[in-house]
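Just below is one structure, and these are the notes that go with it.
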Amino acid sequence: MEHIAALLLIVGCSGDLKVCNEMPVDVSIYETYEECQADLQPTLSHFAGRRDRILGQCVYVDPAMEEADAELVWDVTPDGKLTASVESYNADVASRVDRSAKTASVRH
């Protein structure tokens with residue numbers, strides 16, 4: 000199994016940064032953070048002009064999370080900064096929250 004050290008995240012946004020979406024990249028996982036960093040600028044250049052704003056970041060992946068369920072969580076701040084992290088989550092807790100939310104919405 001390949002070790003993942005970093006994920007390449009590219010996000011395209013509207014000019015006012017109110018609508019942002021992940022952009023599909025050819026290579027999104029890297030065995031070293033440095034390999035990801037080397038691809039960041041060329042990938043940003045590749046997407047230039049496809050959206051009003053293109054943002055990108057290499058997101059470090061903690062090796063301890065390799066066997067855990069995890070998700071990429073990102074946000075674009077009003078000043079145009081992309082923040083992202085890989086966070087672990089417990090699927091059982093997520094299921095309970097989803098069921099609770101569904102039950103709560105049915106009661107309304």
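In terms of numbering that gives the first Met the number 0, the sequence shown has 14 at position 15, counting the first letter as 1, and numbering is strictly consecutive. Glycine is no exception: its CB is placed at the ideal position from the N, C-alpha and C atoms. The structure presented is a predicted model; accordingly, all values stated were derived computationally and were not measured.
- A distance below 8 angstroms separates the beta carbons of Pro77 and Leu16.
- Looking only at Asp61, Gly48, Gln36, the smallest Cα-Cα distance to Met22 is reached by Gly48.
- Check the Cα spacing between Gly79 and each of Asp25, Pro62, Arg52, Ser87: the tightest is with Arg52.
- Non-local C-beta neighbours of Thr31 in its own chain, meaning closer than 8 angstroms and more than five positions away in sequence, comprise Ala4, Ala5, ordered along the chain.
- Annotated three-state conformation of Tyr32 is helix, per DSSP.
- Annotation: Gly14 is outside any beta strand (DSSP E) and is labelled neither H nor E by DSSP.
- DSSP places Asp68 in the coil class of the three-state scheme, outside both helix and strand.
- Residues of the same chain with a CB within less than 6 angstroms of the CB of Thr82, apart from the 5 flanking positions on each side, are Asp74 in chain order.
- Closest in alpha carbon position to Ile28, among Ser87, Glu86, Cys57, Ala63, is Cys57.
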